[in-house]
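To keep things clear, I will list the structure first and then write my remarks on it.
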Amino acid sequence: MPQSTLPSDAVPTDTSAQDDDAQAQQEKNTTREGILVRRGQIWEDLDTRQNQRRVVVEFVKSGRARVRAHYGTRRSTISVSRMHKHSAGFRLVEPCELRYGVPTVSSDETAPR
8 MPQSTLPSDA
18 VPTDTSAQDD
28 DAQAQQEKNT
38 TREGILVRRG
48 QIWEDLDTRQ
58 NQRRVVVEFV
68 KSGRARVRAH
78 YGTRRSTISV
88 SRMHKHSAGF
98 RLVEPCELRY
108 GVPTVSSDET
118 APR
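Put into structure tokens, the structure is as follows:
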């Protein structure tokens with residue numbers, strides 16, 4: 008008996024559904040300011056009670072970021088919607104701040120004497 012080749016058991020060749028899912032995930036993992044949250048980024052907690060706590064993103068999925076303490080092993084989960092410049096939010100730490108500290112005077116200004 009010849010076996011018919013029906014596409015019902017085959018894997019769909021249309022990748023538009025996968026592309027739509029990937030785009031939806033990317034939108035969920037993007038902050039209000041348009042920053043795509045990615046693994047390895049360092050974010051600073053702007054809550055004054057947290058004493059300038061910094062966290063490193065371990066992974067991001069469905070609008071949730073799994074983070075760990077910058078100099079430690081404590082882990083927590085943060086909603087990406089909380090990652091924006093607000094008194095109870097987070098801000099992305101620039102790489103130059105990690106090496107040289109936060110600049111107090113811009114390069115075109117002179118420091119008061």
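The sequence shown runs 8 to 120 under the numbering used here.
Beta carbons are placed, not taken as given, at the ideal position from N, Cα and C, and that holds for glycine.
For residue i, the nearest candidate out of the options (CA to CA)
i      : options                       : result
Val100 : Ala31, Gln32, Glu34 and Ile42 : Ile42
Val87  : Gln25, Glu40, Ser23 and Arg56 : Glu40
Glu104 : Ala72, Gly70, Ile49 and Glu34 : Ile49
Thr80  : Val67, Arg61 and Ala95        : Arg61
Tyr78  : Glu51, Ser94 and Ala31        : Glu51
Gly70  : Ser94, Gln30 and Ala24        : Gln30
Ala76  : Gln59, His91 and Lys92        : Gln59
His93  : Ala72, Val44, Asp28 and Thr38 : Thr38
Gln32  : Ala72, Gly96 and Gln57        : Ala72
CB contact flag (residue i, residue j, <8 Å)
i     : j     : result
Val64 : Arg82 : no
Leu53 : Arg98 : yes
Asn36 : Val67 : yes
Residue i, DSSP secondary structure in three states
i      : result
Asp28  : helix
Ser88  : helix
Glu65  : strand
Glu51  : strand
Arg73  : strand
Ser94  : coil
Arg120 : At Arg120 the pLDDT is 47, less than 50, meaning the model places this residue with poor confidence and gives no usable figure here.
Arg45  : coil
Arg39  : coil
Residue burial classification, residue i (beta-carbon count within 10 angstroms, cutoff 16)
i     : result
Ala24 : exposed
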